[in-house]
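Residue numbers (numbering that gives the first Met the number 0), protein chains in the order written: chain E, 0 to 261; chain F, 0 to 387; chain P, 0 to 390.
We put the CB at the ideal spot given by N, CA and C, even for glycine.
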Amino acid sequence: MAAAENPRSDAPLIVTRRVSRRYRRGVDEVHALEDVSLSLLGGHFVAFMGPSGSGKSTLLNLISGIDRPDEGEVCVAGQRLNDLSEDELAQWRARHVGLIFQFFNLIPVLSARDNVALPLLLTRLSKAERLLRAETALRVVGLESRADHWPRALSGGEQQRVAIARAIVTDPDLIVADEPTGDLDARNAEAILALLRQLKSEFGKTVVMVTHDPRALRYVDAAYHLDKGVLLEGEDAERAAAAIHAAAGGTAARGTAAAGSR
Amino acid sequence: MKYWGLIAANLRRNKLRTLLTGGAITLAVVLVCVLLTMPAGLDALLNAVANNTRISVHNKAGIVYSMPYSFVRKVRQVDGVAGALAMTWFGGAFEEAGRVTFPSFAIDAEHIAAVYPDYPIAAEQLADFQRYRDGAIVGRQVMKKYGWKIGQRVTLRSTVWPLSLDFRIVGEIAAERAPYFWLNREYLDQALKAKRGRGLGIAGIIWVRARDPNRVNAIMRAIDELSRNSDAETACETEKSFFANFFGSLQGFVTIILIVTALVALCIVFIAANTASMAVRERAAEIAVLKAIGFGRQVIFRTLLVEAVALSAAAGVAGVVTAAGLTGALRAFAGWSDALGPLGSFIVTTPVILQGLLLSLSVGVLAGMVPALGAARKPVVAALHDIF
Amino acid sequence: MLPLSYSLHNLLARPGRSAMTVTVIALVVVACSLFLGLISSLKRTLMSSGDAINLVVMRKGSDNDGSSQISLEAFHAIRFFDGIARDAHDRPLASPELVVQPFFRTRGGGRENVLVRGVEPVALAVHPCVHIVEGRMFTPSTHEVVVGHGVVGRYAGADLGNQIEFGRGKWTVVGVFTAGGSSFESEAWVDVRELANDAKRLYPYSGIRLRAATPADLAPLQRRIDNDPRYALDAQLETDYYAKQSESANTLYILVVGIAVLAGIGAGFGAANTMYAAVQARTAEIGTLRALGFPRAAILSAFEIEAVALSVIGFLIGGACAFGLSRLIESSLGGIAFGASTFTINVVTLRLGSADLEGALALALIIGICGGLGPAWRAARLRPLEALHKA
Chain E
0 MAAAENPRSD APLIVTRRVS RRYRRGVDEV HALEDVSLSL LGGHFVAFMG
50 PSGSGKSTLL NLISGIDRPD EGEVCVAGQR LNDLSEDELA QWRARHVGLI
100 FQFFNLIPVL SARDNVALPL LLTRLSKAER LLRAETALRV VGLESRADHW
150 PRALSGGEQQ RVAIARAIVT DPDLIVADEP TGDLDARNAE AILALLRQLK
200 SEFGKTVVMV THDPRALRYV DAAYHLDKGV LLEGEDAERA AAAIHAAAGG
250 TAARGTAAAG SR
Chain F
0 MKYWGLIAAN LRRNKLRTLL TGGAITLAVV LVCVLLTMPA GLDALLNAVA
50 NNTRISVHNK AGIVYSMPYS FVRKVRQVDG VAGALAMTWF GGAFEEAGRV
100 TFPSFAIDAE HIAAVYPDYP IAAEQLADFQ RYRDGAIVGR QVMKKYGWKI
150 GQRVTLRSTV WPLSLDFRIV GEIAAERAPY FWLNREYLDQ ALKAKRGRGL
200 GIAGIIWVRA RDPNRVNAIM RAIDELSRNS DAETACETEK SFFANFFGSL
250 QGFVTIILIV TALVALCIVF IAANTASMAV RERAAEIAVL KAIGFGRQVI
300 FRTLLVEAVA LSAAAGVAGV VTAAGLTGAL RAFAGWSDAL GPLGSFIVTT
350 PVILQGLLLS LSVGVLAGMV PALGAARKPV VAALHDIF
Chain P
0 MLPLSYSLHN LLARPGRSAM TVTVIALVVV ACSLFLGLIS SLKRTLMSSG
50 DAINLVVMRK GSDNDGSSQI SLEAFHAIRF FDGIARDAHD RPLASPELVV
100 QPFFRTRGGG RENVLVRGVE PVALAVHPCV HIVEGRMFTP STHEVVVGHG
150 VVGRYAGADL GNQIEFGRGK WTVVGVFTAG GSSFESEAWV DVRELANDAK
200 RLYPYSGIRL RAATPADLAP LQRRIDNDPR YALDAQLETD YYAKQSESAN
250 TLYILVVGIA VLAGIGAGFG AANTMYAAVQ ARTAEIGTLR ALGFPRAAIL
300 SAFEIEAVAL SVIGFLIGGA CAFGLSRLIE SSLGGIAFGA STFTINVVTL
350 RLGSADLEGA LALALIIGIC GGLGPAWRAA RLRPLEALHK A
C-alpha cells in the first residue's frame, strides 16, 4: 500500500468532457446526464450530491468505468475509457478502481477475509500472497480480528468496513463509493466517513463518493452538486450547498460548493 | 482452479437444494444405467460371437424342424470343416422350477473340443463328460442360480419326450453368458430306444467350426448344396447371424427402453436447469457486484457453469457406483433371464458407465449454460439497475 | 382455510417455475405409462387368450402346445366323452390342433418364429373369440392360410391375396381374423393335415381343445382325461394354461415398479426444490398470513394443494403425450414382439388401458404430495414475527 504521500495536485486524475447519458424507460427517454464536464485532481476526497434522479450515480458509474457515455469522453488516470470494450473495462476496473456500494457488497457464503481477497483472484498472486494482502487491508479498517466471520455475523457498519477493505486491497488509483452510509445509523456513518477520509489523508487515495448525507460535507475536500442531469455551477451550486446545510441543521461544512474545472 | 473456493462456497450456500438436485440426478443416472444394461447385454452377446468361425446349420423351414442325424457325418467331411456336432433340444424342466427355465441340449460329446475350443471347460471335465454317459456340463449362470456343484445329481423332465433322466454334473462352462445344460446324445438315444423302440434319429441344429474364417462363406454354401433337394433342406448362417435373428424380436422392446431412458434424461435436465436458474436469479445482486469490481464476463460464465457441472458430475459418479451395486442385486434374482433373455443379464459394462457419466456431464452443461450466459452477458449497469 | 384461488394464483404468478415442475412430472408420467402399458398389454394379450369353458389337452409332461404329441386314436377316443359341447349337427366341439413354429421372413428382412396352428374347421366353434373379418376361412387341402391381425403387414407376403413362404412351401392368404386382442392374433391357421405333412410329423396333432357343454362338466371331463390309462394325457383349463404362459410377464412388473419408484423419487426431489424456493420467496407473505391469524394447517394445506395441482396438470399433459407416443409407436413399429426365452413371438400392441393411467395418476399424486410435504411443512412452521422480520 502506498505510504502517506502528498496529493499529486498537478495532474487531474479524472476528466469528463461534455458527457451525456440517456436511457429508455418504457416509452420515455430519460436524460440522466446532460453535457457534464469536470476535472478532478488526484488525492482528493470529493462528493457528488443532489436529489434522487439528479444523475450523480450515473456520473459515478461513468468515471468508474461501469457505464459508457452516449456523448463526450471520460479519461481516468490517462486512460480514455471510451476506447475500451466491455471486457477491457472490466479488466481496467479490476486494476484501477475500488468499489463500495450501499448494500449487497459482500458475498454471504465467504468469510470477511475471503471477501476482501476477492478482487485479488483477478491477479496472478499466489494464494498465500492474496490472504496476506487481505489481512493487511482488514487491519487498515480495524477488523483483523473478524477476518473469519461470515458477513451475517457482522453489523452493518462492520460490513461496510469490510467492503472498504476490499476496495483498497488491490491498491487502486481511484476509490468510488455509492451511498456508503445510506444504510447505517449515525455513529457508524461517521465512522465510515472518517475511514474514507483516512484513505485520502494517510494513503493519498482519490475517493469519489455519491451521497445525500449532509454529514459528508464535513469530511470531503469538495462537493459537486447535480440536479436533473446537470452539473450546478456558481450561484446554483451555492444555493444547493446552503440547502444542504440548512437540512443538516447548520453544521459547519469543510468543503464548499465546487464548480466546474479547477 | 483458484475460483474453486467461490464455487464450493456457492454450492454449500443452500445445502438442501444442492442435495435435492444432486439426489435427483443420481437417481436418474442410476435408472438410466440400469436401463442401458439391457440392450448392452444383447450387444455384448452379439459382440462375443462377432468374429468367430462357427456356423449354424438348421432346417430351412425353421429351428423347430429337424434334420436327419446322418447329415452331421456328411457335414464333417466338407472341405475346411474343423469339427461339427449336433445339438438337439431336450427341453428339460428342473422339478423345483416346474417348467423349462434354462436351455438343455443333447450334444455330441466327442466333438465339443473341435467346435467350441473357446468355451472355458476344463479338459478333465470334458473327458469325464465322454466317460460318463449320464454326465452333464452346465453353464456357470445355471449352476449359480440353483446352487449346483460339480458331482451333484439332478433330474430333468423332458417336455419334448415323455421321459425324465438323471444326470451327474461333471463339468462347468465357466463363462458369463453360456446358460446351457449339455447332456450326452447317446444317453438320450438309448433312453428313447428303451422307451419307444426308436433312438434319437434327428439333429436339431448342427454347429460347425471352420478352420479358416475366410472360408466360412464357401463352407456354408457347400453344406446347403449337400442338402438341396433332400427332405431337410438346410440354411446355414454364421453364429452371429443366428443369435442376431434369434433375438431380433427384442428390438421393439429395446426401442421402448431407449425411449424411456431418453425421457428420464430429459427430466433431469429440466430439474437441474430449474435449480441453476433459481440459484443465479437469487444471486443477481452479488453477481452484479462481482462484475462491477472487475470480474469479466468469461470468469462469471465459467464459474457459474463449473458450479452446475461440478454438482452434476459428482451426482453422476454417485449414480454410476450405485447402479453397479444395484445391478448386482438384480442379477441375483433369477427371474429376469426367463422374461428378458440376454436383456436381463444386468451387467454394467464400461460403455454403460461412460454413458452414465457423459449424461451427467451433459446435464450440467445444458442446465447451467443458459443461466450462466444470461448472467455473464448482462451489462453491469443493467445488473446494478435491477438491484439498486 | 385459505381459498383455493390463493394456491392457484400463486402457481400462475410464477409460470416459468411451475411449468418446469409440471414438465418434470409429465415426463415421468409418460415414461412410466409407456412401460406399464407395455407390460399390461402383454398380460392382457396372454390372459385374454383363455376361454373359461375350454380345456387344453396335451400329452402328459408337455409344457406347451408346441412340444406335445397326440395320436389320431387318442383324439378319436376322447372326442365323444360326456360333457363336451355339441354343435347344431350334434358334432362334438373338439378341435384337434397341431402347433408348429416355422420361420417367417419379416418385412424388414429379419426372421421370427411364428406360431402356425393346424386346425380343422371346428376350431372356429371351439374358439368363438376368433372372427374372420376379411376374406374367408381356408379350404382344406389347398395350401391356404388365414392370418391373425398381428401377422398382417408384419411379414413378407402376409396380406390378403398374397403368398407367405414358410415350412416347405408357399401358402396363400385367404382371410384375416381378429381374436379379441388375444395371442391368437399373432398366429397363422392352416389345414392340420397339410401342416402335419409339411412338417413331416409322425403324430398328426399336438393338442386338443375341448369346449365343455356347461361349466359343471369341466371338472369331471378333466378328471376322466387325466386318469385315462390308455393315453398319457393331461387336461387343464384354457385360462390356467395361458396364465402359466404369462408368468414371465409378472417379473416384468417388478421392473416397471422399480422404474416408477426411482423416477418418482427423482421427480419428487425436483418438485420439492421448486417449492422450497417458492416458500423462501414468499416468506413475508406467509408471515403476514400467520400474523393475521391463519392457522398452520391452513398454510400447510394451501401449499399441498399447489403441489397436487401441479401433479394433476403434469399427469394430464403426460397422459396425453403417452397416448400420442403409443399411437406413434404403433404406426411406426407396429406391434412390439415378445418372446426371447420362449420360442414363439407374441406381437403386442402397446395400448394404454385405464389401469395403466390410474397407476400413472397415483404416481403423479404421490410425487406431488410427498415432494410438496417438506416445503409445506417448512412454510407452516414459520413463526409470524420471524417471517416478517426476514422480509
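If distances are taken between C-alpha atoms only, which option among the options comes closest to residue i?
i: P/Thr105; options: F/Asn244, F/Gly293 and F/Gly373; result: F/Asn244
i: F/Leu383; options: F/Arg282, F/Gly251, F/Gly324 and F/Leu45; result: F/Arg282
i: P/Pro139; options: P/Gly334, P/Glu119, P/Ala178 and P/Asn112; result: P/Glu119
i: F/Gly203; options: F/Met219, F/Gly90 and F/Asp127; result: F/Gly90
i: F/Ile267; options: F/Phe128, F/Leu19, F/Ala85 and F/Phe241; result: F/Leu19
i: E/Val219; options: E/Arg238, E/Ile191, E/Gly71 and E/Ala245; result: E/Ile191
i: P/Asp50; options: P/Arg192, P/Ala198 and P/Gln235; result: P/Gln235
i: F/Val408; options: F/Arg11, F/Asn183 and F/Ala328; result: Absent from the model: residue 408 of chain F. The displayed extent of chain F is 0 to 387, so no value can be given.
i: P/His148; options: P/Gly333, P/Gly358 and P/Ala93; result: P/Gly333
i: F/Phe101; options: F/Tyr2, F/Val74 and F/Gln140; result: F/Gln140
i: F/Gly97; options: F/Ser163, F/Lys59 and F/Leu84; result: F/Ser163
Within this structure, are the beta carbons of residue i and residue j separated by less than 7 Å?
i: E/Gly203; j: E/Gly25; result: no
i: E/Val273; j: E/Val45; result: The requested residue 273 of chain E does not occur in the structure, where chain E is confined to residues 0 to 261.
i: P/Ile368; j: P/Gly267; result: no
i: E/Gly49; j: E/Leu225; result: yes
i: F/Gly355; j: F/Val319; result: yes
i: P/Ala248; j: P/Lys42; result: yes
i: F/Ala27; j: F/Val263; result: yes
i: E/Asp177; j: E/Val139; result: no
i: F/Arg152; j: F/Arg167; result: yes
i: P/Gly323; j: P/Ala363; result: no
i: P/Ser310; j: P/Ile24; result: yes
i: F/Gly315; j: F/Ser359; result: yes
i: E/Asn114; j: E/Leu120; result: no
i: E/Ile13; j: E/Val96; result: no
i: P/Gly202; j: P/Gln68; result: The sequence given here places Tyr at residue 202 of chain P; Gly does not occur at that position. Going by C-beta atoms, P/Tyr202 is nearer than 7 Å to P/Gln68.
i: P/Arg229; j: P/Ser40; result: no
i: E/Leu183; j: E/Gly228; result: no
i: P/Lys59; j: P/Asp227; result: no
i: P/Glu246; j: P/Val55; result: no
Is the closest heavy atom of the ligand MG to the C-beta of residue i under 6 Å?
i: E/Pro150; result: The ligand MG is not among the ligands present in this structure, which contains no ligands whatsoever.
Which residues does DSSP list as the beta-bridge partners of residue i?
i: P/Lys169; result: P/Glu164
i: F/Gly110; result: For the record, residue 110 of chain F in the displayed sequence is His; it is not Gly. In the DSSP output, where bridge partners are listed per residue, F/His110 has none listed.
i: P/His75; result: None, per the DSSP bridge assignment.
Please list, in chain order, the residues of the region 29 to 47 of chain P that have any C-beta partner in chain F closer than 7 Å. Val29, Ala30, Leu33, Phe34 and Leu37
Report the residues of the region 96 to 116 of chain P with a CB closer than 7 Å to any CB of chain F, ordered along the chain. Val99, Gln100, Pro101, Phe102, Gly109, Arg110, Glu111 and Asn112
Within 9 Å of chain P by C-beta, residues of the region 148 to 170 of chain F in sequence order: Arg156, Ser157, Thr158, Val159, Trp160, Pro161, Leu162 and Ser163
Near-chain F residues of the region 261 to 289 of chain P - C-beta to any C-beta below 7 Å: Leu261, Ala262, Ile264, Gly265, Ala266, Phe268, Gly269, Ala271, Asn272, Thr273, Tyr275 and Ala276
Three or more C-beta pairs under 8 Å: does that hold for the region 231 to 244 of chain F against the region 113 to 131 of chain F? no
For the region 223 to 257 of chain F, list every residue whose C-beta sits within 9 Å of some C-beta in chain P, in sequence order. Asp230, Ala231, Glu232, Ala234, Ala243, Asn244, Phe245, Phe246, Gly247, Ser248, Leu249, Gln250, Gly251, Phe252, Thr254, Ile255 and Ile256
Where the region 284 to 302 of chain F meets chain E: residues whose CB sits under 9 Å from a CB there: Ala284, Glu285, Ala287, Val288, Leu289, Lys290, Ala291, Ile292, Gly293, Phe294, Gly295, Arg296, Gln297 and Val298
Closer than 7 Å between beta carbons: that is the criterion. Which residues of the region 153 to 187 of chain E meet it against chain F? none
Count Cβ pairs between the region 344 to 358 of chain F and the region 31 to 38 of chain F that sit closer than 8 Å; are there 3 or more? yes
Cβ contact check for the region 343 to 360 of chain P and the region 183 to 190 of chain P: 3 or more pairs under 8 Å: yes
If you pair each beta-carbon of the region 295 to 302 of chain F with each one of the region 83 to 101 of chain E, do three or more pairs fall below 8 Å? yes
Report the residues of the region 105 to 125 of chain E with a CB closer than 8 Å to any CB of chain F, ordered along the chain. Ile106, Pro107, Val108, Leu109, Asp113, Leu117, Pro118, Leu120 and Leu121
Check distances from the C-beta atoms of the region 0 to 16 of chain F to those of chain P and list, in chain order, the residues that come in under 7 Å. Leu15 and Arg16
Which residues, in chain order, does the region 162 to 179 of chain P contribute to contact with chain F at a C-beta distance below 8 Å? Phe165, Gly166 and Arg167
Decide if the region 169 to 180 of chain F is in contact with the region 128 to 143 of chain F; the criterion is three or more beta carbon pairs, one per stretch, under 8 Å apart. yes
Inspect the CB distances between the region 58 to 72 of chain P and the region 209 to 220 of chain P and report whether three or more fall short of 8 Å. no
At least 3 beta-carbon pairs within less than 8 Å: the region 269 to 287 of chain P vs the region 376 to 383 of chain P: yes
By the 8 Å beta-carbon criterion, what residues does the region 92 to 125 of chain F contribute toward chain P? Ala92, Arg98 and Val99
The region 5 to 19 of chain P: which residues have C-beta closer than 9 Å to a C-beta of chain F, in chain order? Gly15, Arg16 and Met19
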